[in-house]
Every structure is written in structure tokens, then in C-alpha cells.
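Working notes for the structure below.
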Amino acid sequence: MLDPPAIRAAGLRPVWVAGGLVAVVVAGVAGLSLGAVNISAPRVFLEVLDHLPGLSIDSGLSAREADIVWQLRVPRVVLGFLVGGLLAVSGSSFQGVFRNPLADPYLLGAAAGAGLGATLAITGGIDWELGPFDTVPLAAFAGTLLAVLLAYAVSTVGGRDTSPAVLLLAGVAVMTFMTAVQTFVLQREADTIREVYTFILGRLVTAGWSEVRLVLPYAAVSIAALVLLRRRLDVLAVGDDEALSLGMDVTRTRIAVVAFAALATAAAVSVSGLIGFVGLVVPHVVRLLAGSSFRVIVPLSVLFGAAFLVLADLVARLALSPAEIPIGVVTAFFGAPFFVLVLRARRRLV
Amino acid sequence: MIGLRDVSVSFDGRRVVDGVSLDVRDGEWLNIVGPNGAGKTTLLRVLAGLTAFDGAFTIDGRDARSMKRKELARRVALVPQIPQIPPGMSVAHYVLLGRTPHLRPLAGESRADLDAARSALERLDLLAFAERPVTTLSGGERQRVLVARLLAQDAPVALVDEPTTALDVGHQQQVLDLVDELRHDHGLTVIATMHDLTLAAQYGDRVALLDAGRLAATGAAGDVLTEDSLSALYGARVRVLRDGDSLVVVPRR
Amino acid sequence: MKLKTLALAALVTLLPLAACGDDDDSPTVAGSDGDATTTTTAADPDGEVPQAIVSLSPSSTEILFAIGAGDQVIAVDDQSDYPPEAPTTDLSAYEPNVEAIASYEPDLVVSSSSDPALLDGLEALGIEVLVHEAAVEITDVYDQITELGDVTGHADEAQQLAEEMSGAVAEFTTADRDLTAYWELDPTYYSVTSNTFIGKLLGLVGITSIADEAQAEANDYPQLSAEFIVQADPDLIILADTECCQQDAATVAARDGWAGMKAVTNGNVVELSDDIASRWGPRIIELLEILDAATTKAAAA
């Protein structure tokens, strides 16, 4: 007689968790072994091990090579994992909470807010801490959150209980406004266009441990929260009315998910700019491979998003080495055909 | 025991439900009937806690409005007329959603929850479909899935909105028989909206007749569904026939 | 704005042009050929030199004043801040407003961009334009100087300036030094190759840009990876982003992994003024002097 295994099909099968972890490890190994500078892979790992507490190993690398590995390559890979995971978990959560398969981490004006924040910081040239590099992340972070807050405020203008459609529309309004302001500012300070453009295309070029430290707490909090909230996304999938009748506080859930997803986006954007496609495509690929429940999609998106971005960054820094390709270009380059494949497969499924 | 006192609902200044007072006893099956636009579904939504209203709504003496969502969901379960089925969701998972009001805030399902879902699937003869996406099932099978979710929710009151829509006569009877069985097995109180007057008469204990938002009459089907009241209310020519114990309402040319 | 320009143009063409004699001999718009910078506009056949010049190019502004044509210049764009006596205005070179330019009633506009919107607009108003695009070769600078000299009636001073400069440049040509440098355009590691104007100036003082390795794959202004820069460990780090992006020797040393580079430890991080690093006028000599001093110091270390 069919029993528990049939019911537990709703959950996340261990084989997929293992798959996700394998993907992360493969991406990490590749990301650390390869780079613009040729350093022998085994020595790279010895060097990494040397930095673990309690271990002291001589990797045989010169001081400069050791510096490259530990100060540049390792944090860049770590940051790639964090940003990839953040974007994918945010995208999958937005897709769930708005019941919209085309949602991405930059909804509700988040991208426009980040762009505007970064533009104001770059053109303002204000020396807040240690130069503009610290003001840009902070400003982008603040801009993202501000935009989402504004979208929420605008959506409640007509009444407190807002439907997802109203919230999305409010987001469009905020995005349009902020983009207009950004364009205006940029026109007047045209010599900073390159810097802003680099931000908008997204980059991990300047990744270092300070960026990792900046992002880590927000990543931990937002990813943990969104993973904890994943089951509610399945309940929301049957529509607001039915979800209410099943005893779920829809408004509070929606606010919580949006808040944490916006935090995740803000954290990612603050250090890496606007990297596109990851948050949109990874959840769909996970869905196609492992199942359509958010109990599966949310946690696996973290793993596969992390692996995907690190691999994409590897291409970005290897393909035209030692020149860099903006990572947003690489993710779009691989993301677009991926997306097409997913769409084709879905039509066969449903 | 459900109690409604002077319940009214207005949309854009129009009274859709107008001063309805009604009691429903435990274990009773009440059918709410009336012409299109009479307010049947709105009244049901009030009972499900989905619509704002004026007046009093009590469950076993307690004010339903004072209850938290989860509490209400543990007492009242809704089977919607047109459910939103997430594509790709399996039958088992869909039925498991019925356990939502019993879960602790961020927790997953307990052993008890899984068992409840499984026995609901078993009872509704759906175990063979457990892993299939709900969207691949036929209309009749889907209706059983909805009832299974209702069962898993384990609430003493079931609100059923137009259970026979889009079903052929065989499946209509199947669903209603099923609900009746469950009612007897589990002591469910059933409140349903029905557009089919004959079925409303054949199943259930009482009928409540709504006329433009107001409660025109309640009582046994034989007393409420008379040719005069129906032709006045529906503006239709009907004959009410007796077939043994039950009534049959037929349109006349 | 475009609509207003068209309306204005229409108005202008409707007015009888009989009074204005100069239509055929001096073309109103000077086209530019490919990468080369200069275009030719003969002086007005009446022998009058322009007295109301508007310059939309900081480099051209510097040249005009250096050849003694400063008092013929009535307005310069908002980025033209040298020499200090240049009449800086709100005019934008990046987003040129034809009306605003026309409001100064110039008889010559010098521009570094061949933006058709600008050129067509000025042509429609019958205003002469001279396009001097960014220099690619060092000789382009001399050509631009002499041409401006011809046009403004300061041909002798221009010739003298050009000769002085080429003489000074010749003294820098050092064949015995070969140092590497990372020229930073912005803090996201955009750099320049030897193919560029900057690259050629670097070559004059014996410096090779490390970005040359990226040349075949990318363009002349590639974005380099941090790893590569650190590995290359150039003798010099030259910052062209000190003003726009607040970079200096301290911020460079603070970057993860950069502290150990020899340019940092030996104090060979050169902080350039953004202007000097990006213009192609008389002050390239100043730039070369700074670079030469830096290379001498680095070579001695």
C-alpha cells in the first residue's frame, strides 16, 4: 500500500540537495583553480588550507601568488556564491509571493532604486568613509530598500489590503520615476557615465574580503528567513482567498517575504551592481529539474544560483583574459538560451 | 452552531446581503438557494471570513470576527466553486495544504498531519493519483481532490460553493453523496450554495431562500420551494413534483 | 528641443540671406575624416578672423589661449577650466544645446565631437564649426595647433608653439628605459593600451602599459582583472581617476592584495590631475614631465 513516501513527495528530496552541493563544489573548485593568472591548482588549495585556523601549510607559492589567491580569488569566488544565492533566492521568493513566473529580484523598483542610489553616490562624489567605494554600496543598498518601501506605500494609497497586482503596478510607478531621476542626474554629470554603466552591468571585478564582510550578515539573515518562509509560498499559490480560508495571514506573509527578498536584493546589488538573469532563470531551471513546490525551489535556488554565478564569473574573467567581460553580459548570454529551453519544456509539461 | 444576526454586506453602496439572520445547528446540512445575484456566494464568503460585513456572526457563541485566521480556519473550511490549482502541484501536496491551519507558524507537517492527509486520500479513493499533478485529473476527480482537502482540514463546518458546477449528473450525485457520507461519518455541518433546486431539495435538511440579499424563507424543502414562491422569486414557470420523499422542480414551457 | 531647432532653422532660412555674403567659399560645417582629427576651414575670404569663438573642447580652449587667440574667445564649455582666464560658461560639451550656443552669437564653434545633432543644428543656423576630435597621434596635436593658428590669425604663434612642443617632446624620447605601468582610468580597472594616445605618450618616456596583453582580445580600453594587475606587478601605477573617483596612493594600498606590489611599496603610485591626464593640448608637455620624473625615480629604485 502506498504510504508516507507518496505524501512526502511535497518536500525536497535529498538527491537534489546533494546535487546542489555538488554543483557548488564543482563551481568552487573551478573558480579557484582558474583565473587570469596561471597558478597551479593544487597549490591554490594548499594555500586556502593554510588559512584555516589551526593549520599551517606551505603551499610553495610566492608571496605575490599567495596574495592573489587569498586576497583576490578566494573572496571573489565567495562573493560570487553569496551574490548568486541571494539573487536566486530573492527571485524565487518574488515569483512565489506574486504568483508570477516572470518576477525577478529587481521587482518593485528595486533595480531602479539601486541604480539611483549608486548614481547619486558616484556623481555626488561624497567622501563618506574610505572613498566612493564604500559610499556606492551603501547608497545602492539604501536605494533598493527605499524603492521597495515607496512601492509598498504607494500601493496602500487606495486602501490597506492590497492585491499583488496593485503592488506590482506601484513598483512600476516607482521604477519609472526613479529611472527618470537617474537619467536626469546622469545627463548633467556625463563624465561619470562609465562608472555608473559598469555598476548597472554588474561586476565582481573589485571583489575583496571587505565586500564579503559587508554582505555576509545580510545574506545570512535574508536567506535564512526566505528559506523558513518557503512553505507559505505554496499556500499562496492557490490564490489569496483560498489561502485566507486555509488560515494563512496573506498580507503579513506577503509583507514579510517582500521585505526579506528586497533585503537580499539590496545586499547583492550593493556589492555587485545589477546582475541580470540569475534571479529569473535559476528558479525556473530548478523547478524544471526538481519539482514545482517552493519547498524545493527556494532552498535549491540558493545552491544552484551560487554555483551558476561563480561559473558565469569564471567565464567573465577567462574568456578574454586578462580583460574582463561585464558579468551581466555573460549571465544574459547563457541565461537567455537557458530560458528559452525552460519555456519549451514547460509547454510540454503543463 | 453557527449564528448570523442581521448580517449585511454592501459593495459600492449597494446592499448585496441585507439583514440576514440565520442559525445552523451542528450536523445540519443547509442549502442556500436563490436567483443569480441574490447574494448566495457573498453570504458564504462572510461565513468563510473573506468579506467585511455588518452584524453578528458567532460560532458556538463566540464572535467569529474576534478569532484569528487560523482559529477560524480550524472551525470553518471552504470548498471554492472555481479553485485555483497551481500547475505542477501533486494531489498529495494539494490535499496536504488542508493541514495549514493546524501547523505551527514556520514549521512543516507533523506525523499526525501526514496521516490525516493520507487518510483523506484513502477515503476519497485518490491514493493512486497521489503523485500526479492535480491539473491532469478530470473534473470529477478534481472535485474529489477538493473534498479530500476539506477532509484533511478537519474543520467541523464545511462551506461548499456550488459543488455541482460543470459536473455531469453522475458526478453531481457522486459528490453530493460523498459529502453526505462524510457528514454522517464525521458529524460535519454543511452549508452549501446551490443553483440546482432539485438537488437542493434532494440533499440536505433545510433550504434558505435568498431574494435580492434578503432571507425570504427558511425551512424544509417542501415548505420553502413552492410553485408560487419560486415563480415569484425566479420569474420562471415551474412545476414542483413529488417523487417519493423528494421534490423535483421542473421548468414548464 | 529638436522641434525648436527645426523651427528656428525654418525661420532662419525664410529670412532673406542677401545681406550675408559668405555662402560658398567657406563651408559651414567641417567634416571629419575617420580617426584623424582635423578638418579644414579656410579663413573668411574677406580676411576677417573670427572674433567670437565658442570652444566646446577643453583641449582646444587651452590651445586657443596658448597661441594668443584668447581674446577672440567669448565662451567656453563647463569643463574648460584652463587657463583660469578662460570664459567658462554653463555650456555643455556632452549635451550641447544648439540654441544656448547660438545665443552667444559665435562666428566659430570649436568642438571635439562630431555629434550630428550639434553639427546639423549649427549648420542650419549658418554657424561655422571646426571639429577637432581627440588626438590619436602626437602629431595630431601639432596639426590642431597650427590649424587653429591659421583660422584665428595667429599662424606664427601657433607655428612657434608647435615647434617648441615637438622639440620638448623629442628630448623625452628615451630608448634606454623600459618600465611597465598600470594606467588606471577608473576604480573598476579600466586601462589603456599602447595603441592609444596616452599609450604613445607613455612610450615616449619608456613606459609600456600592462594592458597591452589584453589588446588582441578586447579593445584599446579594456577592463583588466585585479589578479592580472597584481601578477603583472608594474613598476608604476598611474592614477587618472584621482578627482572623479577619489583614488590616491592610500586607497590603492588599501585594496585587498595590492599592498605588496612594488609600485606601492616603493612609492611609485603617480597621482595625476584628471585634466592633465585626459587632454591633448599644450599641457601634454607637463604630463610628459611628470611621467618622466616618475619613471626616473622608479628606474632608480
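Heads up: the sequence lines are chains A, B and C, in that order.
Residue numbers for the first sequence, in my numbering: 843 to 1192.
Residue numbers for the second sequence, in my numbering: 12 to 264.
Residue numbers for the third sequence, in my numbering: 436 to 736.
We put the beta carbon where it would ideally sit given N, CA and C, even for glycine.
{"Asked": "Complete runs of the alpha helix (DSSP H) confined to the region 31-65 of chain B [at least 4 residues]", "Found": "51-58"}
{"Asked": "Amino acids of chain A, ordered along the chain, whose beta-carbon sits closer than 7 Å to that of G695 (chain C)", "Found": "A905, R906, D909"}
{"Asked": "Under the three-state DSSP convention, the category T200 (chain B) falls into", "Found": "strand"}
{"Asked": "Any chain C beta carbon closer than 8 Å to A1109 (chain A)", "Found": "no"}
{"Asked": "is_contact[H195 (chain B), chain A] using C-beta, thresh 8 Å", "Found": "no"}
{"Asked": "Beta carbon proximity, A649 (chain C) to chain A, threshold 8 Å", "Found": "yes"}
{"Asked": "CB contact check: Q92 (chain B) to chain A, cutoff 8 Å", "Found": "no"}
{"Asked": "Per-residue burial, E117 (chain B) [other beta carbons within 10 Å of its own, 16 or more giving buried]", "Found": "The question names Glu, but residue 117 (chain B) is Leu in the sequence shown. Counting Cβ neighbours within 10 Å, L117 (chain B) comes out exposed, since fewer than 16 surround it."}
{"Asked": "Length of the line joining the Cα atoms of R56 (chain B) and T62 (chain B)", "Found": "6 Å"}
{"Asked": "Touch test, the region 852-862 of chain A against the region 1138-1156 of chain A, Cβ-Cβ under 8 Å, three pairs minimum", "Found": "yes"}
{"Asked": "Beta-carbon contacts of K732 (chain C) that lie in its chain and below 7 Å, excluding the five residues immediately before and after", "Found": "N703"}
{"Asked": "Status (buried if at least 16 other CB within 10 Å, exposed otherwise) for S149 (chain B)", "Found": "exposed"}
{"Asked": "Beta strand (DSSP E) runs contained entirely in the region 235-262 of chain B, provided each spans 3 or more residues", "Found": "249-254, 257-262"}
{"Asked": "Continuous alpha helix (DSSP H) assignments of at least 4 residues falling wholly in the region 1045-1108 of chain A", "Found": "1051-1070, 1072-1078, 1082-1087"}
{"Asked": "Residues bridged to D946 (chain A) [DSSP beta-bridge criterion]", "Found": "DSSP output for D946 (chain A) lists no bridge partner at all."}
{"Asked": "Cα-Cα separation between L1210 (chain A) and L876 (chain A), rounded to whole angstroms", "Found": "The question about residue 1210 (chain A) has no answer, for chain A in this structure spans 843 to 1192."}
{"Asked": "Reference R918 (chain A), options A:V1182, A:S1114, A:I1139, A:L1131, closest by Cα", "Found": "A:S1114"}
{"Asked": "Per DSSP, the bridge partner or partners of G1118 (chain A)", "Found": "Answer is none; G1118 (chain A) lacks a bridge partner."}
{"Asked": "Residue of A:V1184, A:L897, A:A993, A:S1087 minimising C-alpha distance to A1104 (chain A)", "Found": "A:A993"}
{"Asked": "Touching by the beta-carbon criterion (3+ pairs, under 8 Å), the region 40-60 of chain B and the region 215-233 of chain B", "Found": "yes"}
{"Asked": "For L671 (chain C) and A698 (chain C), believed in contact at Cβ under 8 Å, the rounded distance", "Found": "6 Å"}
{"Asked": "Three-state class that DSSP yields for E889 (chain A) in the structure shown", "Found": "helix"}
{"Asked": "Classification of L988 (chain A) by the beta-carbon crowding that lies within 10 angstroms, buried from 16 upward", "Found": "buried"}
{"Asked": "Residue ranges of each beta strand (DSSP E) within the region 651-700 of chain C, 3 or longer", "Found": "671-674"}
{"Asked": "Other residues of its chain near V235 (chain B): CB distance less than 6 Å, five sequence neighbours each side excluded", "Found": "V218, L220, A228"}
{"Asked": "At least three beta-carbon pairs within less than 8 Å, the region 884-892 of chain A to the region 1117-1136 of chain A", "Found": "no"}
{"Asked": "Three-state secondary structure assigned by DSSP to E706 (chain C)", "Found": "strand"}
{"Asked": "Within 8 Å, strictly: CB atoms of W715 (chain C) and A675 (chain C)", "Found": "no"}
{"Asked": "As assigned by DSSP and simplified to three states, the class of F940 (chain A)", "Found": "coil"}
{"Asked": "Chain B contact residues for R1073 (chain A), given Cβ-Cβ distances below 7 Å", "Found": "G119"}
{"Asked": "Under the three-state DSSP convention, the category A211 (chain B) falls into", "Found": "helix"}
{"Asked": "Min CB distance R80 (chain B) to chain A below 8 Å", "Found": "yes"}
{"Asked": "Distance between L157 (chain B) and G853 (chain A) (C-alpha atoms, nearest Å)", "Found": "21 Å"}
{"Asked": "Residue-level contact to chain A via CB, T52 (chain B), 8 Å cutoff", "Found": "no"}
{"Asked": "Closer than 8 Å at the beta carbon, the chain C residues around S1052 (chain A)", "Found": "D691"}
{"Asked": "Beta-carbon spacing of D709 (chain C), F607 (chain C) below 8 Å", "Found": "no"}
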